[in-house]
Structure formats: C-alpha cells, structure tokens
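Numbering follows this note's numbering, in which position 82 of the sequence shown is assigned residue number 564; successive positions increment by one, without gaps. Have a look at the structure below before the remarks.
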Amino acid sequence: MNIFNAVPSTYAVPKKADPWQRVGDWLFRHRTHIQVLQWIVVGFYLALLIVPLLLPLPDRTATIWNNTIRFAQFMFWGIWWPFVILGTALVGRMWCGLLCPEGSLSEFASRHGRGGAIPKWLQWSGWPTAAFALTTLYGQMTSVYQYPKPAALILGGSTVAAIAVGYAYGRNKRVWCRYLCPVGGVFALLSKLAPLHFRVEPVLWRLSQERGEKPGAIDCAPLVAIKTMRGASDCHMCGRCSGFRGAITLARRSPSHEIIHVAGVTPKPAETVLILAGLMGLAVGAFHWSASPWFIAANQRLAEFLIEAGWVAPLEITLPWWILTNYPERNDVLTLADGGLLVGYVLGTAAAAAVLLSAALALAVRCLGQWDVRRFHHLAQTLIPLAGAGLFLGLSAMTVTQLRSDGVVIPYVAELRAFLLCLAAAWSAYLGWRVGGLYCRSAVARIGAMLCLSSAWAIAVSGWVLFFWLW
Ligand code: SF4
Numbered sequence: 483m484n485i486f487n488a489v490p491s492t493y494a495v496p497k498k499a500d501p502w503q504r505v506g507d508w509l510f511r512h513r514t515h516i517q518v519l520q521w522i523v524v525g526f527y528l529a530l531l532i533v534p535l536l537l538p539l540p541d542r543t544a545t546i547w548n549n550t551i552r553f554a555q556f557m558f559w560g561i562w563w564p565f566v567i568l569g570t571a572l573v574g575r576m577w578c579g580l581l582c583p584e585g586s587l588s589e590f591a592s593r594h595g596r597g598g599a600i601p602k603w604l605q606w607s608g609w610p611t612a613a614f615a616l617t618t619l620y621g622q623m624t625s626v627y628q629y630p631k632p633a634a635l636i637l638g639g640s641t642v643a644a645i646a647v648g649y650a651y652g653r654n655k656r657v658w659c660r661y662l663c664p665v666g667g668v669f670a671l672l673s674k675l676a677p678l679h680f681r682v683e684p685v686l687w688r689l690s691q692e693r694g695e696k697p698g699a700i701d702c703a704p705l706v707a708i709k710t711m712r713g714a715s716d717c718h719m720c721g722r723c724s725g726f727r728g729a730i731t732l733a734r735r736s737p738s739h740e741i742i743h744v745a746g747v748t749p750k751p752a753e754t755v756l757i758l759a760g761l762m763g764l765a766v767g768a769f770h771w772s773a774s775p776w777f778i779a780a781n782q783r784l785a786e787f788l789i790e791a792g793w794v795a796p797l798e799i800t801l802p803w804w805i806l807t808n809y810p811e812r813n814d815v816l817t818l819a820d821g822g823l824l825v826g827y828v829l830g831t832a833a834a835a836a837v838l839l840s841a842a843l844a845l846a847v848r849c850l851g852q853w854d855v856r857r858f859h860h861l862a863q864t865l866i867p868l869a870g871a872g873l874f875l876g877l878s879a880m881t882v883t884q885l886r887s888d889g890v891v892i893p894y895v896a897e898l899r900a901f902l903l904c905l906a907a908a909w910s911a912y913l914g915w916r917v918g919g920l921y922c923r924s925a926v927a928r929i930g931a932m933l934c935l936s937s938a939w940a941i942a943v944s945g946w947v948l949f950f951w952l953w
C-alpha cells in the first residue's frame with residue numbers, strides 16, 4: 483500500500499478569495515514595487531558589508547548605537563540571521579523570494595548573462611549541506627561574528643559566487659539559490675513548518691488546460707516544478723505564479739501537514755544529513771565551543787601534552803586572519819593548536835550527534851516494522867522543529883548578548899528559551915507519533931518508536947540546556 487495515496491488533501495477549493503489569496507495576488511501584481519524594495523535591500527546590505535571595512539576596530543566603549551561596526555554586526559548576526567530563520571518557519575521562504583540581496587543580484591546577473599545550461603555536477607543535492615557545513619566551520623575559525631573582514635569575506639564571497647553563477651547559468655533564474663546557497667538547505671527544511679504556502683490545485687490546472695487557455699509561462703526564478711509542487715521547500719514565495727490558470731493561490735495549511743504527508747514521499751538523504759549532523763550537530767558545536775568547559779579542559783591538556791613532548795610550535799604558530807582568528811591588538815589570536823582543537827570540537831560534535839541521533843531513529847524504524855530507508859529519512863524530518871528551534875536559539879543568543887552589553891536587557895529570556903524548547907520538543911513528538919502511524923497501526927509499536935525518538939529529543943534539548951543554563 484502506498485501510504486501517501488491516502489493523504490488528506492489541503493487542496494480544498496476556496497469558495498471566495500480569502501485574505502491570503504489576495505496577498506498572493508498582490509505580490510503578483512506589484513512585481514515592480516518588489517524589485518525596488520529588493521534594490522534598497524541590496525544597497526543596505528552592501529553598505530553593511532563594505533563600510534565597516536573602512537573603519538578602525540571599535541574600542542570597548544563602542545555600542546551598536548554609536549559605532550558603525552557594532553551596528554553592522556548587530557544587524558547581520560543579531561537581527562538578520564535569527565529573524566530570517568524564524569520568518570522562514572512562519573511564512574515560508576518569503577525572504578528568499580522578496581528580499582534576499584544575494585538572490586536579487588544573482589537573478590539580475592542571470593538576466594544579463596550567458597544563459598548557459600545548468601551542468602549536472604551543479605545539481606548535486608548535497609551542495610547546500612556541504613556549503614552550510616563549510617561556511618559554518620570557516621566562520622568559527624575566522625570569528626565571523628566579531629570582525630568585519632571575515633564577515634565581508636564569507637558573505638561577500640558568497641554574493642560574488644551567486645552573481646558569477648547567475649551570470650553563467652540560466653536566463654532570469656536563480657540557479658545559485660536553487661542548488662548552491664549555503665543556507666538554502668536550511669531554509670528548505672524550515673519552510674516545511676510554515677503555515678502558508680502557494681497551493682497548486684491539479685484539478686483546476688487540468689480544467690484550464692481542457693478549456694484551451696494559454697496563459698504563457700511562469701517566470702519562476704528558483705526553477706520549481708510548479709505543476710507538481712506539493713510542498714513549500716523549493717518555493718521562494720515570490721507570488722509570480724499566483725492565480726496561474728486559476729489553480730495557484732497563497733493559502734493557509736496545517737504547519738505539520740508537509741512533514742507528515744509530503745516529506746516522506748521521496749527520501750532525501752542530504753536533508754537527513756543536514757538535520758542530524760548539520761543543524762543538530764555542527765551548528766551546536768559551533769555555538770558551544772567558546773563557552774564549553776570541555777573545550778577549555780581539552781585545550782589545556784593539549785598544551786600540556788605538546789609542551790611535555792617538546793613540540794611547542796603548534797602553540798606558537800599563528801595564521802593570517804582569513805584562515806584563523808588573528809587580532810593581536812585585541813588580544814584575540816588562535817594558535818594552530820587552538821584552531822585544530824576548534825575544528826576537532828565542532829566536527830566531533832557533528833559526528834557524535836549524527837551517530838547518536840541516527841541510532842535513535844534506526845531503533846524507532848525497527849520498532850515500526852522491517853528496516854526501511856524511506857521511513858528512516860521520514861522520521862528524521864520529524865526532528866525539524868527541534869533543529870530549527872535550536873538554530874534560532876543559538877543565533878538569538880547573540881542578539882541578547884549584544885543588546886545586554888549595550889544596556890538593553892530583554893526580560894524573561896530564560897523562560898522564553900525554555901518555552902520554545904518545550905514547544906519544539908512537543909511538536910517533534912507529535913510529528914513522530916503521526917508519522918509512526920503512517921507506517922504501523924500497532925499502538926505498542928508506535929509507543930516503542932516514540933521511546934526511541936525521545937532519546938533524540940533529549941539529545942537535542944540537553945545541548946541547549948548545557949549552553950544556556952549549566953555552563
Ligand atoms: S512556485 Fe516559483 S513562481 Fe510560484 S511563488 Fe514559488 S518561487 Fe514564485
């Protein structure tokens with residue numbers, strides 16, 4: 483039996499245009515206004531990236547209110563990242579389709595570029611996961627959150643690559659966003675939780691075709707196969723297809739619908755790696771290491787070992803700022819030993835999380851019946867609420883810290899963090915129960931699977947409990 487044939491449809495045809503449908507149609511009609519907005523964002527983004535490079539590093543009395551570098555840091559890491567992550571879970575990838583400066587520049591370059599065919603190697607599904615891992619690790623090695631030069635190198639490098647790819651491939655398309663963007667994979671996961679999506683009604687589409695209507699082609703920049711689109715992962719919510727053949731509308735849906743009924747149709751190993759090793763492992767290690775007593779203890783042991791062995795070079799060698807943090811004037815320098823340990827800590831966290839979480843998922847799969855790879859990947863998708871909440875909490879910790887250092891204290895932060903973690907764990911539990919029910923009717927087997935999954939939730943939550951409450 484194909485369990486996905488029995489999917490309850492969200493595709494009920496609305497009797498009259500609801501407010502969301504009107505929003506979708508508004509986006510369709512106001513593309514020029516959206517383009518103006520996009521160029522304003524591009525200008526703001528480039529200013530935040532370039533102006534700090536021309537200024538001296540701030541002293542300890544500088545605040546986000548009186549220093550451009552501190553302001554740019556706060557905008558990038560305290561506002562932009564955490565709230566784009568949160569926004570994607572709330573309204574889908576509207577950031578990508580309506581505001582992202584990199585996407586706008588890539589599409590602009592594509593409009594005036596070579597228009598080449600997209601090569602096969604570029605379409606590898608693992609690029610977003612690999613790019614996320616590399617940029618996260620490199621960002622930690624160069625202290626991207628603290629200094630303008632690595633921020634310009636990583637963000638600016640990504641923007642230059644996006645423009646180059648746009649210029650080389652596709653016509654009026656966002657090939658970079660579709661296949662290569664380092665955060666595209668994360669956005670694709672989080673958008674599955676969004677209670678809004680562009681809904682495609684196949685029956686209305688077919689009727690329009692049968693009536694002989696010829697509305698022309700849709701200019702879908704991220705190259706979505708719109709006619710068969712069932713989820714929000716690939717859609718950038720730009721609204722350019724709203725109303726097409728009377729079959730596409732911006733509409734509400736249950737925020738659990740896509741993970742339960744769509745995410746299991748096609749197994750996506752790259753997404754599983756991104757969830758388990760990336761968001762719940764590598765990203766956690768990247769947030770943890772500078773606060774971790776384990777890292778400090780390991781660093782001391784390593785230093786003692788190297789001194790006893792008479793091999794002190796790794797404790798003395800430093801590298802240029804674009805390889806390892808090197809700001810002696812700020813007393814902030816990572817030696818080769820520090821850098822090696824940092825990389826080891828982050829990658830070790832990713833490996834440990836991947837092994838432990840995979841084991842928990844594999845046991846849950848077996849509780850539900852025979853070993854089944856598709857079920858394994860589907861159960862991994864139920865962890866997206868916890869993975870996304872962890873990423874938001876880690877990023878928003880910078881918002882809280884930056885504001886607090888400038889005298890702005892956000893009340894009830896600990897309570898809000900605990901609430902968000904509990905909510906995400908409960909949501910993952912609900913998804914695990916519902917997805918388990920697709921594969922097995924036995925309540926005992928489903929409870930067994932839930933017990934296995936609960937160890938995955940505990941691993942995810944404990945990482946943040948250590949970071950926020952125990953260290
Ligand atoms: S399917 Fe394509 S054209 Fe339609 S809203 Fe999504 S990104 Fe835009």
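Note that CB positions come from ideal geometry on N, CA and C, so glycine has one too. Nothing here was measured: the structure is a model prediction, and the numbers come from that model.
- Here A791 carries a coil assignment [DSSP, helix/strand/coil].
- Every beta strand (DSSP E) stretch that sits fully inside the stretch 615-693 and reaches 3 residues is listed by chain position as 678-682.
- As a beta-bridge residue in DSSP terms, T731 pairs with R681.
- Rounded to the nearest whole angstrom, the C-alpha separation of T754 and H860 is 9 Å.
- Looking at A752, A779, V895 and E584, the one whose alpha-carbon comes closest to that of W609 is A752.
- For V642, the CB stays at least 6 Å from every heavy atom of the ligand SF4.
- If you draw a straight line from the Cα of I700 to the Cα of A729, it is about 13 Å long.
- Y809 is bridged by DSSP to D814.
- DSSP, reduced to helix, strand and coil, places G889 outside both helices and strands of the structure shown, so it counts as coil.
- Secondary structure of T883 (DSSP, three-state): helix.
- Counting along the chain, the unbroken alpha helix (DSSP H) around F526 starts and ends at R513 to I532.
- DSSP links T800 through a beta bridge to T817.
- With respect to P564, T881 sits close: the two C-beta atoms are nearer than 7 Å.
- Under DSSP, G574 shares a beta bridge with no residue.
- Not one heavy atom of the ligand SF4 lies closer than 6 Å to the C-beta of V573.
- By the 16-neighbour rule on beta-carbons within 10 angstroms, I567 is buried.
- DSSP places G919 in the helix class (H, G or I) of the three-state scheme.
- Assignment of G598 by DSSP, reduced to helix, strand and coil, places it in the strand class.
- For C582, the shortest C-beta to heavy atom distance toward the ligand SF4 is 6 Å or greater.
- By the criterion of a C-beta distance shorter than 6 Å, A544 is surrounded in its chain by R552, once the five residues flanking it on both sides are discounted.
- Cβ-Cβ distances below 8 Å link H594 to Y649 in the same chain, with the five nearest sequence neighbours on each side left out; the list follows chain order.
- At a Cβ-Cβ threshold of 7 Å, W771 and L816 do not count as neighbours.
- The beta carbon of A835 sits closer than 6 Å to the beta carbons of M762 and G763 from its chain, once the five residues preceding and following it are set aside; these are given in chain order.
- When the alpha-carbon of K696 is set against those of P704, A703, W687 and C702, the nearest one is in W687.
- With contacts defined as CB atoms closer than 7 Å, L678 and V573 qualify as a contacting pair.
- Short note on I516: C-beta not closer than 6 Å to any heavy atom of the ligand SF4.
- Rounded to whole angstroms, the Cβ separation of W939 and L868 is 6 Å, and the two are in contact under 8 Å.
- Around the CB of G876, 16 or more other CB atoms lie within 10 Å, so the residue is classed as buried.
- When C-beta atoms of the stretch 846-853 are compared with those of the stretch 923-935, three or more pairs fall below 8 Å, so the two segments count as touching.
- Rounded to whole angstroms, Y527 and L536 show a C-alpha spacing of 15 Å.
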